[in-house]
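Remarks on the structure that follows.
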Amino acid sequence: MKYVFQFGIVWDHLPRLLDGAWLTIRLSLGAFALGFVIAMLLAFLRTAGPRPLRAAIAAYVEVIRNTPFLVQLFIIYFSLPAIGIRFEAITAALLGMSLNFSGYATEIIRSGIEAVPRSQIEAGYSLGFTRLQIFRNIIVFPALRTVYPALASQFVLLMLGSSIVAAISAEELTAVTNTLQSTTFRAFEFYFVATAMYLLMAIGARLLLHAIYWTVFERARPVQQPWSR
Amino acid sequence: MSRDFDWPEFLFLLGALRWTVVLSLIAFVGGGIGGLLLAIARTSSHAILRGIAAAYIGVMQGTPVLMQLFLAYYGLAVLTGIRIDPWPAVTLAFTMYAAAFLGEIWRGAIQAIPRQQWEAAAALPLSPAAQLRHVILPQAFRIAIPPTVGFLVQLIKGTSIASIIGFVELTRAGQLIVNVTFQPMIVYPLIAGLYFVLCWPISLVALRLERRIDATLGIKQHP
Numbered sequence: 007m008k009y010v011f012q013f014g015i016v017w018d019h020l021p022r023l024l025d026g027a028w029l030t031i032r033l034s035l036g037a038f039a040l041g042f043v044i045a046m047l048l049a050f051l052r053t054a055g056p057r058p059l060r061a062a063i064a065a066y067v068e069v070i071r072n073t074p075f076l077v078q079l080f081i082i083y084f085s086l087p088a089i090g091i092r093f094e095a096i097t098a099a100l101l102g103m104s105l106n107f108s109g110y111a112t113e114i115i116r117s118g119i120e121a122v123p124r125s126q127i128e129a130g131y132s133l134g135f136t137r138l139q140i141f142r143n144i145i146v147f148p149a150l151r152t153v154y155p156a157l158a159s160q161f162v163l164l165m166l167g168s169s170i171v172a173a174i175s176a177e178e179l180t181a182v183t184n185t186l187q188s189t190t191f192r193a194f195e196f197y198f199v200a201t202a203m204y205l206l207m208a209i210g211a212r213l214l215l216h217a218i219y220w221t222v223f224e225r226a227r228p229v230q231q232p233w234s235r
Numbered sequence: 174m175s176r177d178f179d180w181p182e183f184l185f186l187l188g189a190l191r192w193t194v195v196l197s198l199i200a201f202v203g204g205g206i207g208g209l210l211l212a213i214a215r216t217s218s219h220a221i222l223r224g225i226a227a228a229y230i231g232v233m234q235g236t237p238v239l240m241q242l243f244l245a246y247y248g249l250a251v252l253t254g255i256r257i258d259p260w261p262a263v264t265l266a267f268t269m270y271a272a273a274f275l276g277e278i279w280r281g282a283i284q285a286i287p288r289q290q291w292e293a294a295a296a297l298p299l300s301p302a303a304q305l306r307h308v309i310l311p312q313a314f315r316i317a318i319p320p321t322v323g324f325l326v327q328l329i330k331g332t333s334i335a336s337i338i339g340f341v342e343l344t345r346a347g348q349l350i351v352n353v354t355f356q357p358m359i360v361y362p363l364i365a366g367l368y369f370v371l372c373w374p375i376s377l378v379a380l381r382l383e384r385r386i387d388a389t390l391g392i393k394q395h396p
């Protein structure tokens, strides 16, 4: 082995790597926000909507969860233009990540909704609440608290999975790394540093998500609720 | 002059599907062996072993598989001094990835076994290794089956990114066919369909196993 590692050249290009990491973070947050809104809507309709719609949503979730993200991305970026729907790489990446995330999140949120005790929902009906009111006032908060850890790890998976959008050359961390290594011929060093950056982002995200859980769900709880046991 | 998408192209995709399956199985079996060792290390009474296993799992679960793949590919190239073919890199990367996830799943299963089982086995008296082998692992195994089967789906889907470093499995074969037929609207949805046909039955089996195990453990089902 005569290879000499040269990390200095990575240091010279650090600003570009940081730009890429920043785009990775923005993409992940954007896809999380968009995917979460879609998932809330789908999870609500999946549990309270008309039967055919429920079946359609179940099918959507299964298709998303049983096909690779990379292929979903190819369909959005390469197949859809064939029928006249065209996206920029970055838009396709955001859309693909959002839809992919929404599939997993729908299933996670649904499980949280179904864990809310039936009696509380019946109590809502007896007060004359509509389905939407029951969802908003009785189900959402405890359901989200139940599934928060699952959603949080799904967010980390979303962020790490975003590296795959480099395949359609959206200029996030992985794509920037690809470009830099191919011009400097220092592939191992660049990938090593980029991997470390992902690791830091994942650890940072976990810490932040933990802090958010504490502020939203723990501190905001005035008294022990029966469902918190 | 472009070709149409027809039977030969479809058969080419099916042929490539075989490599997706082969790669997934190698990684699953290799990762299973590594995962078992990791799970045992992670639950052992030896602090250094526990630390090493935890660090390995933390790093593998905290970094993108694609990056692991690039590092394996270029790392092997550095070690051997030549540009290598993708096979050893993808099998190495996916095996190490699978080991981390299976190790974490099985750690959870081992820790789900009540302490008293260890104590009872120790009172018999069985050696620590015999406690693990004859008392703990058989019980942990049952709990671990559904998430393990579920992970297989994640692994199969994950192998699609081997296409990015030029390994010809199903996704890469799809790209090659698109390059000659210019029919992405047919080919990519078809590829997705093939993955679905492969993965969905496994997902259903995992779900059914999970329900059965919950029932035997007395965990109440949601209505």
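Sequence lines, in order, name chains L and U.
Just add 6 to the spot in the first sequence (first one is 1) and you have this note's numbering.
Just add 173 to the spot in the second sequence (first one is 1) and you have this note's numbering.
Glycine is no exception: its CB is placed at the ideal position from the N, C-alpha and C atoms.
| Item | Value |
| --- | --- |
| Quick check on residue 188/U: buried or exposed, where buried means 16 or more other Cβ atoms within 10 Å of its Cβ? | exposed |
| In chain order, what residues of the region 179 to 193 of chain L put their CB closer than 7 Å to some CB of chain U? | 180, 193 |
| In the region 224 to 258 of chain U, which residues sit with their C-beta less than 7 Å from some C-beta in chain L, listed in chain order? | 232, 235, 236, 237, 239, 240, 243, 244, 247, 248, 251, 252, 254 |
| Residues of chain L with CB closer than 9 Å to the CB of residue 344/U, please, in chain order. | 74, 76, 77, 80 |
| In chain order, what residues of the same chain lie with their CB nearer than 6 Å to the CB of residue 2/L, ignoring the 5 residues before and after it? | There is no way to answer for residue 2/L, as the model of chain L reaches only from 7 to 235. |
| Is the distance from the Cβ of residue 168/L to the Cβ of residue 85/L below 9 Å? | no |
| Could you have a look at residue 25/L and say whether DSSP puts it in helix, strand or coil? | helix |
| May I ask you to report which of helix, strand or coil DSSP gives residue 352/U? | helix |
| Given that residue 64/L touches chain U, what residues does it touch there, using C-beta distances under 8 Å? | Within 8 Å Cβ-Cβ: nothing; residue 64/L doesn't reach chain U, min ~12 Å. |
| Note down, in chain order, every chain L residue with its Cβ under 8 Å from the Cβ of residue 373/U. | 68, 72 |
| Is residue 132/L buried or exposed, if buried means 16 or more other CB atoms sit within 10 Å of its CB? | exposed |
| How many angstroms separate the CA atom of residue 344/U from the CA atom of residue 19/L? | 32 Å |
| If I measure Cβ to Cβ from residue 274/U and keep anything under 6 Å in the same chain, skipping five residues before and after, which residues do I get? | 324 |
| Using 10 angstroms around the beta-carbon of residue 292/U, count the other beta-carbons present and answer buried if the total reaches 16, otherwise exposed. | exposed |
| On a Cα-Cα basis, can you pick out the residue from 284/U, 264/U, 383/U, 382/U that is closest to residue 196/U? | 264/U |
| Report the start-end ranges of each alpha helix (DSSP H) in the region 246 to 308 of chain U that is 4 residues or longer and not cut off at the edges. | 259 to 284, 288 to 296 |
| Have a look at residue 334/U and residue 134/L and give me their C-alpha separation to the nearest angstrom. | 52 Å |
| Examine chain L for any beta-carbon lying closer than 9 Å to the beta-carbon of residue 358/U, and answer yes or no. | yes |
| Looking at the C-beta of residue 199/U, does it have a partner C-beta in chain L at a distance below 9 Å? | no |
| Pick from 160/L, 98/L, 64/L: whose alpha carbon is nearest that of residue 174/L? | 98/L |
| On the criterion of 16 or more Cβ atoms from any shown chain inside 10 Å, does residue 58/L qualify as buried, or is it exposed? | exposed |
| Residue 246/U and residue 257/U - do their beta-carbons sit closer together than 9 Å? | yes |
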